[in-house]
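Encoded as structure tokens, the structure appears first; notes follow it.
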Amino acid sequence: MEEKELLRGGQFLVKETNCEDVFTPEDFSEEQNMMKEAVMEFNDREIIPHKARFEAKDYALTEECMQKAGELGFLSVAVPEAYGGLGMGFVSTCLTCDYISSGTGSFSTAFGAHTGIGTLPITLYGTEEQKQKYVPKLASGEWFGAYCLTEPGAGSDANSGKTTATLSEDGKSYKINGQKMWISNAGFCRLMIVFARIEDDKNITGFIVEYDKDNPNGITLGEEEHKLGIRASSTRQVFFNDTVVPVENMLSERGNGFKIAMNALNVGRIKLAAACLDSQRRITTLGVQYANERKQFKTPISEFGAIKVKLAEMATSAYAGESATYRAAKNIEDRIAIREAAGNSHQEAELKGVEEYAIECSILKVAVSEDVQNCADEGIQIYGGMGFSEDTPMEAAWRDARIARIYEGTNEINRMLSVGMLVKKAMKGHVDLLGPAQAVQEELMGIPSFDTPDYSELFSEEKEMIKKLKKTFLMVAGGAVQKFGPQLEDHQQLLIAAADILIEIYMAESTILRTEKNAKRFGEESQSAQIAMAKLYLYHAVDIIEEKGKESIISFAEGDEQRMMLMGLKRFTKYTNYPDIVDLRNEIAEKVKAENKYCF
Numbered sequence: 239m240e241e242k243e244l245l246r247g248g249q250f251l252v253k254e255t256n257c258e259d260v261f262t263p264e265d266f267s268e269e270q271n272m273m274k275e276a277v278m279e280f281n282d283r284e285i286i287p288h289k290a291r292f293e294a295k296d297y298a299l300t301e302e303c304m305q306k307a308g309e310l311g312f313l314s315v316a317v318p319e320a321y322g323g324l325g326m327g328f329v330s331t332c333l334t335c336d337y338i339s340s341g342t343g344s345f346s347t348a349f350g351a352h353t354g355i356g357t358l359p360i361t362l363y364g365t366e367e368q369k370q371k372y373v374p375k376l377a378s379g380e381w382f383g384a385y386c387l388t389e390p391g392a393g394s395d396a397n398s399g400k401t402t403a404t405l406s407e408d409g410k411s412y413k414i415n416g417q418k419m420w421i422s423n424a425g426f427c428r429l430m431i432v433f434a435r436i437e438d439d440k441n442i443t444g445f446i447v448e449y450d451k452d453n454p455n456g457i458t459l460g461e462e463e464h465k466l467g468i469r470a471s472s473t474r475q476v477f478f479n480d481t482v483v484p485v486e487n488m489l490s491e492r493g494n495g496f497k498i499a500m501n502a503l504n505v506g507r508i509k510l511a512a513a514c515l516d517s518q519r520r521i522t523t524l525g526v527q528y529a530n531e532r533k534q535f536k537t538p539i540s541e542f543g544a545i546k547v548k549l550a551e552m553a554t555s556a557y558a559g560e561s562a563t564y565r566a567a568k569n570i571e572d573r574i575a576i577r578e579a580a581g582n583s584h585q586e587a588e589l590k591g592v593e594e595y596a597i598e599c600s601i602l603k604v605a606v607s608e609d610v611q612n613c614a615d616e617g618i619q620i621y622g623g624m625g626f627s628e629d630t631p632m633e634a635a636w637r638d639a640r641i642a643r644i645y646e647g648t649n650e651i652n653r654m655l656s657v658g659m660l661v662k663k664a665m666k667g668h669v670d671l672l673g674p675a676q677a678v679q680e681e682l683m684g685i686p687s688f689d690t691p692d693y694s695e696l697f698s699e700e701k702e703m704i705k706k707l708k709k710t711f712l713m714v715a716g717g718a719v720q721k722f723g724p725q726l727e728d729h730q731q732l733l734i735a736a737a738d739i740l741i742e743i744y745m746a747e748s749t750i751l752r753t754e755k756n757a758k759r760f761g762e763e764s765q766s767a768q769i770a771m772a773k774l775y776l777y778h779a780v781d782i783i784e785e786k787g788k789e790s791i792i793s794f795a796e797g798d799e800q801r802m803m804l805m806g807l808k809r810f811t812k813y814t815n816y817p818d819i820v821d822l823r824n825e826i827a828e829k830v831k832a833e834n835k836y837c838f
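What follows is the structure, given as structure tokens:
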């Protein structure tokens, strides 16, 4: 794939994407499908049967399962072969994370923290010596990694940490002092990526710190935290008291820690989205199986419209999440390949490849983490009183899902980041927002067309709607930027509303493109329920965009400008032919009921 054909991050907003150019789960290679089967088998054998032990805070079991995952190569999928890894592509990395994560959030968190933020900072920023020394141990599961960024006073404001690193008089080592909290894998890790401030530096610096329980080097651990969910993931405070770290264990250069932290989190965000996907599939499957078996008024409850709504919406959000996550994962993989072909090292290529799609990573993190929570919530409701009981799987799924909206950067932070990064890209000329935004303004001043378009082709009206929704974003965000300029970042409520519009556009478009691609190659008839899901998702997206657009316009515009923009909003969110929502939901629910599982 040539660079000119591959959209840059954020360009989905201003450029049209052909369905042939998106990657979908139906495009998995034979190797990827084999990996998927192996991961699912591991999950079914090692994780799911032991749910009760995980819920009873069996931390040793989490560590044991991590070791088994290491032996099977699952911890090394993303690690280059030169450092003992499988060296598989980014899509395979997301796929592994997806299918290994649905047994319990406890293991999923340990796996994600180790393979992502525990290992990646070294593979992406480490020197050759650091990579040779540490990465093979992390890839095999001989050692486990943890990531020490958050402090009592430094959560979302990660760069404000108070932990210090002081250079020794002989210049050979640093002494680290401070306190970190919410550290995943702290109880069984052998290596920590620790962020500390040297002197009065503006930015923090990263260090690779070894931890040996028999020779703790000034490191002490707090007790295991008592948490709402992910109960068997080890989460502790970590205290550093004159912890000696050799100078050669500085990660990257001095003051580069904040950049390392942010880029490691970009990868973490899309992987977190992937980690929520199979949980949604499994919750949907459990929900439909229960609904098919449970009878009330002498009828399986899956026959009732009130339950069909839930099954249809749960399946639709899972399908949309898959569509968008694998679309972005393949874009990242292709961007990495382009950079490698241009002579970049794998390290540089992966770093820049993921950084390019940081907007999409934030979008996915928000959308999928919120969808999995809603899915689990409806799962409990389908089970009724039983859903509230620890004897059924739904309450644990609901508790485990809750953390996904907080870690890897809260959803509020990610919403603001997605729009902030897009505006920055526009300022740098990487995404032309100004031209299209001006074109939308001119269109608003002109006379609208009253022609009745021909919408006989599959998704022709839906794709037209997507174009109009993009105009809505350009109108709203463009108006806000014009009014507030660089001060826009002080108007968080407007940023969040704009982010919700952006998120819905990306998710709805990804769902439509996946379904269109599959309808063309497998036949429309075989994709009937998927077509219904794509239309249903878009309908909800239009509703959200209309609401958020109105909220924004009436908050920053007034007089004639406000009236004109509200008229534009009405025009851009109006269907020519509204879909029959009840009919769409019934079709999706009937398909799931008949298959007795999530079947897409």
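Reading the sequence shown from the start, the letters are residues 239 to 838 in my numbering.
Even for Gly, the Cβ is constructed at its ideal location relative to N, Cα and C.
Check	Outcome
Status (buried if at least 16 other CB within 10 Å, exposed otherwise) for residue 569	buried
Beta strand (DSSP E) segment containing residue 430, residue limits	429-436
Residue 661 beta carbon less than 8 angstroms from that of residue 852	Nothing can be reported for residue 852, as the shown portion of the chain is limited to 239 through 838.
Residue 467 and residue 423 closer than 8 angstroms at C-beta	no
Spatial distance of residue 332 from residue 385 (CA atoms)	20 angstroms
Inter-residue Cα distance where the pair is residue 257 and residue 271	22 angstroms
Alpha-carbon to alpha-carbon, residue 576 and residue 243	11 angstroms
Of the residues 262, 255, 248, 253, the one placed nearest residue 567, counting alpha carbons only	262
Residue burial classification, residue 815 (beta-carbon count within 10 angstroms, cutoff 16)	exposed
Residue range of the alpha helix (DSSP H) that includes residue 712	698-722
Assigned secondary structure, residue 474 (DSSP; H/G/I helix, E/B strand, else coil)	strand
One or two residues paired with residue 233 in a DSSP bridge	Nothing can be reported for residue 233, as the shown portion of the chain is limited to 239 through 838.
Alpha helix (DSSP H) runs wholly inside the region 601-667, at least 4 long, in chain order	632-640, 649-666
Presumed contact (8 angstroms Cβ cut-off) between residue 574 and residue 562, rounded CB distance	Contact flag wrong, Cβ pair sits at about 19 angstroms.
Helix, strand or coil at residue 796 [DSSP, three-state]	coil
Check whether residue 733 and residue 803 have beta carbons under 8 angstroms apart	no
Length of the line joining the Cα atoms of residue 338 and residue 611	18 angstroms
Cβ separation of residue 513 and residue 292, assumed to be a contact under 8 angstroms, to the nearest whole Å	The Cβ separation is near 15 angstroms, so there is no contact.
Beta-carbon spacing of residue 807, residue 788 below 8 angstroms	yes
Extent of the continuous beta strand (DSSP E) run through residue 414	411-422
Cβ neighbours of residue 737 in the same chain (closer than 6 angstroms, five flanking residues each side left out)	653, 656, 657
Close Cβ partners of residue 492 (< 8 angstroms) along its chain, the five nearest in sequence each way excluded	436, 439, 443
Supposed contact pair residue 771 and residue 554 - C-beta distance, whole angstroms, cut 8 angstroms	4 angstroms
Simplified DSSP assignment, three categories, for residue 380	coil
Simplified DSSP assignment, three categories, for residue 514	coil
Minimum C-alpha distance to residue 820 - residue among 544, 745, 425	544
For residue 446, three-class secondary structure by DSSP	strand
Whether residue 766 touches residue 825 by CB criterion (8 angstroms)	yes
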